[in-house]
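To keep things clear, I will list the structure first and then write my remarks on it.
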Amino acid sequence: MPNTAEEYIQSLPEDRRETFDKLRNTVKKNLPKGFEETIQYKMIGYVVPKKTYPAGYHVTPELALPFLHIASQKNGLALYHMGIYADLKLLKWFQTEYPKHCKTKLDMGKSCIRFKNLDEIPWRLIGELVSKMSLKDWIQIYEKNIKKTKTTK
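Under our numbering, the sequence shown has 1231 at position 92, and the numbering climbs by one with no breaks.
Next up, the structure:
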């Protein structure tokens, strides 16, 4: 298992490396300050460092709070954006903007955006999505959603 982003990229099939590296660079270029790149869940992750948010992720408190992950999967590339799952306004914005930037149909799960056609990745839109939520915004949205979850149980 790779321990660094560079090792992760080198472990990819050669035909995926260039596009995956472009995805990583798009994320890194647009990611607000404070997030940290790491390997988490066997993917390249961008997290709220434990020094900033010592409580960590409620499901696995020893892990840093996840925000965004990128992965090469069997049928393409994937971007997991926890903010899009936690913030309905951001999700609606993305779903509205996607067809303006891409001819292919949006293939999306709760937080996962899948790109099967590597020639049809909407780079500018991905950059804009990544830039829309600061570290502080993510922590506030995360905590608000955790409180909702705890009060509904």
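Where a beta carbon is used, it is the ideal one built from N, C-alpha and C, also for glycine.
Review point. Of all the options MET1272, ARG1253 and GLY1173, which has the alpha carbon lying nearest to the alpha carbon of LEU1227?
Key: By alpha-carbon distance to LEU1227, the top candidate from MET1272, ARG1253 and GLY1173 is MET1272.
Check your understanding: Pairing CB atoms from the stretch 1233-1242 with CB atoms from the stretch 1189-1197, are three or more of them under 8 Å?
Key -> no
Check your understanding: DSSP state of GLY1215, grouped into three classes?
Key -> strand
**Study point:** For PHE1233, the first and last residue of its enclosing alpha helix (DSSP H)
**Key:** 1227-1240
Check your understanding: Among ILE1252, ALA1203, ALA1210 and PHE1174, which one has its Cα closest to the Cα of LEU1274?
Key -> PHE1174
Review point. Buried or exposed: where does TRP1277 fall if 16 or more other Cβ atoms within 10 Å of its Cβ makes it buried?
Key: TRP1277 is buried by the Cβ-count criterion.
**Study point:** For THR1177, the first and last residue of its enclosing beta strand (DSSP E)
**Key:** 1175-1179
Check your understanding: Which same chain residues, not among the five before or five after ASN1256, have their C-beta less than 7 Å away from its C-beta?
Key -> Around ASN1256: THR1243.
Review point. In angstroms, rounded to a whole number, what distance separates the CA positions of ASN1142 and GLY1215?
Key: Taking C-alpha positions only, ASN1142 is separated from GLY1215 by approximately 22 Å.
Review point. Going by Cα to Cα distance, which pick from TYR1185, ARG1253 and ASP1154 is closest to LEU1218?
Key: ARG1253
Review point. Ends of the alpha helix (DSSP H) at TYR1192?
Key: It is not in any alpha helix (DSSP H) - TYR1192 carries neither H nor E in the DSSP assignment.
Check your understanding: Taking Cβ positions only, does LYS1189 come closer than 8 Å to chain C?
Key -> Any reference to chain C falls outside this structure, which holds one protein chain only.
Exercise for review: Identify every residue that forms a DSSP beta bridge with THR1243.
Suggested key: DSSP output for THR1243 lists no bridge partner at all.
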